[in-house]
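First up is the structure itself, then whatever we jot down about it.
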Amino acid sequence: MDEATSQVEWKKGSAELLILFLVEARPRHGYEISKLIEQRSGGTVRFHVASLYPLLYRLERRGWLHGRWVEKSGQRRRRYYRLTRQGRRVLASQLRGWHEFVAGINRITEAENA
Amino acid sequence: MPEWRPEILRRLAPLRLSPAREGEIAEEIAQHLDDRYQELLAAGLSADSAFRAALDELKGEDLLARNLRSVESDLYREPVVLGKGGNNLFAGILQDIRYSFRMMRKSPGFTTVAVLTLALGIGANIAIFTMMNGLMLHTLPVRDPGQLVEILHHYPDDPEPGFNGFSWDAYQIMRDGNHVLSDLIIGSLNVYVVGGHELESQTVFGGNVGGTYFETLGVRPAIGRLIDPQDTTNSSAVAVVSWSFWKSRFNLNPAILGQKITANGTPVTIIGVTQRGFYGLSNQAQQVIWLPFSLGDRSSPGFSVGLLGRLKPGVSTRQARADLATLFQAALDRPDANPFMRRMELRIEPAGNGVSTPASQMLSTPLKVLMATVGLLLLLACANLAGLLLARGASRQHEMAVRVCLGAARARLLRQTLTESLLLSLVGSAVGIFLAYFAAGALIRVFAAGRFMMGLPVHFEVLKNADAHALLFTGAIALLTGLLCGAAPAMSASNTTPASALQPGSKIGETKRQRLLGKGLVASQVALALVLVSLAGLFVGYLSDLRSNLGFERNNLLLVTLDFAQSGYNAAQFSRLSQELVTRLNAIPGVSSATFSEMSPMEGPGASSVASAEGHPEKGTPVSINYIAPDYFETYGTPFLAGRDFSAHDEASSRVAIINEAAARDCFGNENPIGRHITLSHITLTKGDKTYEVVGVVGDAKYNDLQQPAPPTIYADLFQEGFIGSQLAIRTRIDPSGVASVVRLTEAAVLKTIPIVRIIGMNEQIDSTIVPQRLFATLSAGFGALGALLAVIGLYGLLAYTVARRTHEIGVRMALGAAATDVMRIVVRDALWMVCAGLAIGAPLAFWGKRVAASLIPGLPVASPLPIVVAATIMIAVGLIAAYLPARRAMRVDPMVALRYE
């Protein structure tokens, strides 16, 4: 498996989690979300427009996110996404699952290296 | 700044999203690309490479669409532009409904007025229909009810359906001689007091039935057996009761069989219970007990049988009438037949919906007239709403024009406008059902207070568990109302011509035709309101006519009914005690006189007879008889025209009588009747003739029927005849209810063992006989007021709208020097024109309505043009009231403001 393909697979699994996680603290617009993902991953994880927005719409349709156009004076209006109550529950359970998964992986790899 | 949208839209195109959604997505993504572009520029890239890098975010031509497809595909398939043709009818209708709700929410004031208007119109219709349905439209739960006919006879000039009571001879002749009936059964509707051991006494409807009654009707027993020919031949003391009676009184206990109960005091044994749901032959009177018809004294004058026939297949009621009438005539021509009957004609009525009863005779015509009246009211409400919708439609023409320009099909606009009116009508119906529920309840209570009513008719609970008839009617009326209200506005909306409607500065324009339509609708409201108000005037006048010219004074008169049945008093005791009671009653402060009689006016039918005057033995005059004590005429307030009252001396002397003016005229013509003799034959329930000397003549007084002129009446002396009069009348100087308790005490002191059955004011007794007329008057007055109110609303709506639309014009006029009064004149003239047009249409309608009403209700004072004149005056007043606010607004138009209006 080459590196690019493996990254796609990783992203698929973690994309939803990342987005939900990022809008948990406060509502954010699409560009902000993509920037944050890129910055915090040190540039290793990037979403381009063609997959970020379909994903946002999907999460919105599932009722996990709620998008709303907000107009601020002197700016163009932007669509902000906020975590819904249901989204919050999903995020909590996904985070738990992710931590367990990482811990499991760590235990396996550490045992091998020890 | 690069233009991103075309790039994005090209990629979204394969998804065929709705324009709104597509625009939204494009806007959001374009922003993202823009942000990225700015960032890259800031990082030092050239504009060209920044553009390409940003565009690279879209990753080729088809990735965005591919990723979006699974998310967006099942969302927006339908066109979103309202009015644009589409092929998904259902989605379109949903959209219409959503949009209509939005329109309703947007103008809550308009919606409230519209819904209330319709609710009143529809509610009134549902209420009256429910009653009609409950009373007249239910078929009897028997085998082939369509074949059942009722045999009646009536006087040719009497509009009432007639009596169902025949002599034994007539029954036998018709039963044996007819070729049209497969069965002729005996079944009458009687009132029984049912009681017995451990059974509380109760007054109920029941029947006296022949042996083939149940078999012919196809009724089966729930338990036990039903009455058969054996029972009638043997005159068995048995009874059959209804399932509902079994349930309510015996809790479905099978031990009911063999139980002994009493019916009108006679002990009978219950032998069976009818199948569930059978309640006899009338929808108005639920029968619960049936006794075998007893042949008894077939030749007694009071003996009669009620008849019900089952037509042979293919025989019409007309054929049946022709066949049976000949046989009936043969029975009448027998020498021993009752002379009263000679003028009678036979009548055959379908009985599948139940036989005629006092209640049905009393209610069926009023309900039909009321149904027509509420129909008119609904029509008026529709015209009203159509006018309001039309005015609103005119102000929405710009909107319609834009839609037409955007490609909306005219049929679609038509549908949208109709959806709005249908929805209004639907909401109105829902509120109307709610109103009808209470209205019907109130109506039923009024009906139940009537003289012949006992308990509630079988299907009066119908509103609580509406049947198919009522639901169908409600649905139909809602649909019809919606279409009627919406038709004109819808046509006008779909006829929008965008070219003129969209011109800058165009007056929110109506065509001349639409303006005329609006005015026509208002005029038609005025016309309908005129009909309603004049009918109301007619009925109110009729009611007050009925309550006056009675021939006796109805105010301050207390009626007390005594029950001598169980007392064992003889005539002499009664004579002494009654005179003592009268003396003591006269001593009560506030009482001016008291008297006894056998009947009180409007109590019910009393005895009747055929009178022939001395010297004119060949001429028999049908007369009513009342047996009275002295002071009767003083107490009732009927004037003496000649002669004297009865006195205590008459008791022992030869028979004397007092006659009324009508009897004097019919029997003696212009001769003086005082001292002459009069002979009565065929007196009700007696045999033999009686001759009386006429000692007095009194004014005519109504006897039993307010709607008929006072009948020729003979008053005989109660004490002389040795009768006991159970009606005590007390004339008071104060409100009669004020002496009622003292009267009770005095009566109990004198007539210790005689219970008082009821105490009632004369006015109350009169009112209980004219329930339908009172209902007519009250309801039609209510409907008239409602009609006038709707006309005010309609007129006001149109005028207010016209003034608003013409503000500019008025401003110009005022700027050019028109005075405020000139402007007012324009508005008022407009209003009066519409009212006059309405009156011109309405007056012939009102005259016609009056004639129709008169054909249904005899005695209606149709000759007087007063109601129509009054109604017309009211409508003109209505016009002025409606014009007041718009005229004032027009007068206050400020030319400066108005000219800036553009």
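Chains A and B, in that order, are what the protein sequence lines are. Under the numbering used here, think of the first position of the first sequence as -10, with each following residue one higher. Under the numbering used here, think of the first position of the second sequence as 9, with each following residue one higher. Glycine is no exception: its CB is placed at the ideal position from the N, C-alpha and C atoms.
- With distances taken between CA atoms, residue 12(B) lies nearest to 60(B) out of 60(B), 49(B), 27(B).
- Around residue 719(B), the same chain offers 632, 711 as residues with beta carbons nearer than 6 Å, after the five sequence neighbours per side are excluded.
- Here the stretch 276 to 295 of chain B lies against the stretch 229 to 246 of chain B, with 3 or more beta-carbon pairs under 8 Å apart.
- In the structure shown, residue 76(A) adopts helical secondary structure according to DSSP, grouped into three states.
- DSSP places residue 880(B) inside the alpha helix (DSSP H), whose first and last residues are 874 to 899.
- Interface residue (Cβ-Cβ distance to chain A less than 8 Å): residue 902(B) is not classified as such.
- DSSP places residue 699(B) within a strand segment (E or B) once states are collapsed to three.
- Around residue 68(A), the same chain offers 18, 19, 56, 57, 58, 59 as residues with beta carbons nearer than 8 Å, after the five sequence neighbours per side are excluded.
- Shown here for residue 706(B): same chain residues with a beta carbon closer than 8 Å to its own, the five before and five after excluded, namely 641, 646, 647, 648, 649, 666, 667, 668, 669, 723 in chain order.
- Per DSSP, residue 503(B) lies in no alpha helix (DSSP H) segment and is marked neither H nor E.
- Residue pairing by DSSP places residue 619(B) opposite 629(B), 688(B) in a beta bridge.
- Here DSSP, grouped into helix, strand and coil, assigns residue 155(B) to helix.
- Close to chain A, meaning a Cβ-Cβ distance shorter than 7 Å, are the following residues of the stretch 58 to 72 of chain B: 65, 66, 67, 71, 72.
- DSSP assignment within the stretch 702 to 728 of chain B yields the following whole beta strand (DSSP E) runs of 3 residues or more, N-terminal first: 721 to 725.
- Rounded to the nearest whole angstrom, the C-alpha separation of residue 32(A) and residue 9(B) is 27 Å.
- Cα atoms of residue 336(B) and residue 161(B): separation of roughly 9 Å, rounded to the nearest angstrom.
- Within chain A, the C-beta atoms nearer than 7 Å to that of residue 37(B) come from 38, 42, in chain order.
- Among the bridge pairs identified by DSSP, residue 651(B) is matched with 704(B).
- Minimum Cα-Cα distance from residue 782(B) among the listed residues 371(B), 840(B), 31(B), 829(B) corresponds to 371(B).
- Taking C-alpha positions only, residue 271(B) is separated from residue 763(B) by approximately 21 Å.
- The stretch 197 to 213 of chain B and the stretch 121 to 138 of chain B do not touch, with fewer than three beta-carbon pairs separated by less than 8 Å.
- Along the stretch 556 to 613 of chain B, the beta strand (DSSP E) occurs as fully enclosed runs of 3 or more residues at 565 to 570, 599 to 605, listed in sequence order.
- For the stretch 5 to 72 of chain A, the full-length alpha helix (DSSP H) segments reaching 4 residues or more read 19 to 29, 38 to 51 along the chain.
- For residue 19(A), a Cβ of chain B is located within less than 8 Å of the residue's own Cβ.
- Beta-bridge partners of residue 27(B) (DSSP): none assigned.
- A Cβ-Cβ separation of about 6 Å places residue 314(B) in contact with residue 173(B) under the 8 Å criterion.
- Remark: C-beta atoms of residue 250(B) and residue 286(B) approach each other more closely than 8 Å.
- The beta-carbon of residue 70(A) is placed no less than 8 Å from the nearest beta-carbon of chain B.
- Apart from sequence neighbours up to five positions away, the residues of its chain that approach residue 799(B) with a beta-carbon distance below 6 Å are 533, 534, 537, 886, ordered along the chain.
- Taking residue 398(B) as reference, the option from 491(B), 522(B), 319(B) with the minimal CA-CA separation is 522(B).
- Under the Cβ distance rule, residue 41(B) counts among the residues neighbouring chain A, one pair being separated by less than 8 Å.
- For the pair residue 553(B) and residue 874(B), the Cα-to-Cα distance works out to about 14 Å.
- Between the alpha carbons of residue 140(B) and residue 73(A) lies a gap of roughly 57 Å.
- By the rule that beta-carbons nearer than 8 Å mark a contact, residue 67(A) touches chain B.
- Boundaries of the alpha helix (DSSP H) harbouring residue 674(B): 669 to 676, taken from the DSSP string.
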